[in-house]
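Peer 1: Residue numbers (my numbering): 21 to 162. Okay, here's the structure, questions in a sec.
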Amino acid sequence: MFAKTVWKKGMEFEGHSESGHHVAFDAGAAHANGPTPMEAVLMALCACTSVDVVSILEKKREPLTSLTVSATAEQAAAPPRVFTRIMLTYRIGGAVSKKAAEDAVELSKNKYCSVSKMLEKAAQIDFRIEYANDSSVDVSRK
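Right, here's the structure in full:
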């Protein structure tokens, strides 16, 4: 795998992936032209675990209709400002069984999501599951 960034101006950079994709990063105060690198890492975590959960639930033939994964993170006060705690919230739509959803999320966290496995070396990662078809919220898990 290969990636690079090119400095554009000020605190703006353009990331390039081996697969030919481009991402704008903006570490300036306004963040007007793209996410900061740390925001991008948090988005990558959400994307990585989303891929896993959708794949697992599809393999189990669960009737998933929607999935939103959001993350809230705390950072160290002093540089390097690594993430110290991350809370992932999975909002699952469809008549997916709660056991299948919990199993999929736990498999992603503990086995498949490489971004999660890297980040957990520095940060505590917890999660909760919300079901869009009712108002119940699964209690946080580690």
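C-beta atoms are modelled at their ideal positions from N, C-alpha and C, and glycine is treated no differently. Computed from a predicted model, the values in this text were never measured in an experiment.
Could you spell out the range, first to last residue, of the alpha helix (DSSP H) harbouring M107?
Peer 2: Against the sequence shown, residue 107 aligns to sequence position 87. First-last for M107: F103 to G114, but that is the beta strand (DSSP E), not the alpha helix (DSSP H).
Peer 1: If you draw a straight line from the C-alpha of V159 to the C-alpha of L62, how long is it?
Peer 2: Translated into positions along the sequence shown, residue 159 becomes position 139. Translated into positions along the sequence shown, residue 62 becomes position 42. Any answer about V159 is weak, because its pLDDT of 42 lies below 50 and its placement is not dependable; what the coordinates show is given next. Going by the C-alpha atoms only, they are around 22 Å apart.
Peer 1: Using 10 angstroms around the beta-carbon of S37, count the other beta-carbons present and answer buried if the total reaches 16, otherwise exposed.
Peer 2: What you label residue 37 is simply residue 17 of the sequence shown in a count that begins at 1. So S37 ends up on the exposed side.
Peer 1: Among the residues of its own chain, which have a CB less than 8 Å from the CB of F45, if the five just before and after it don't count?
Peer 2: Position 25 of the sequence shown, counted from the first residue, corresponds to residue 45. Hits under 8 Å: T25, E32, F33, E34, G35, G54, P55, T56, P57 and A60.
Peer 1: Using beta-carbon positions only, say whether T109 and S90 come within less than 8 Å of one another.
Peer 2: As a first step, residue 109 must be located in the sequence shown, where it is residue number 89. As a first step, residue 90 must be located in the sequence shown, where it is residue number 70. The answer is yes: Cβ separation under 8 Å.
Peer 1: Quick check: the Cα distance between F22 and L65, rounded to an integer number of angstroms?
Peer 2: As a first step, residue 22 is located in the sequence shown; it is residue number 2 there, counting from the start. As a first step, residue 65 is located in the sequence shown; it is residue number 45 there, counting from the start. Rounded to whole angstroms, F22 to L65 spans 19 Å at the Cα level.
Peer 1: Shortest alpha-carbon distance to T69 belongs to which of A121, K80 and P83?
Peer 2: Within the sequence shown, residue 69 is the residue found at index 49, counting from 1. When only C-alpha atoms are compared, the closest one is A121.
Peer 1: DSSP state of A143, grouped into three classes?
Peer 2: By 1-based counting over the sequence shown, the position of residue 143 is 123. Note: A143 maps to coil in three-state DSSP.
Peer 1: With DSSP as the reference, label E150 as helix, strand or coil.
Peer 2: Here residue 150 refers to the residue found at position 130 of the sequence shown. In the structure shown, E150 sits in a strand (DSSP, three-state: E or B).
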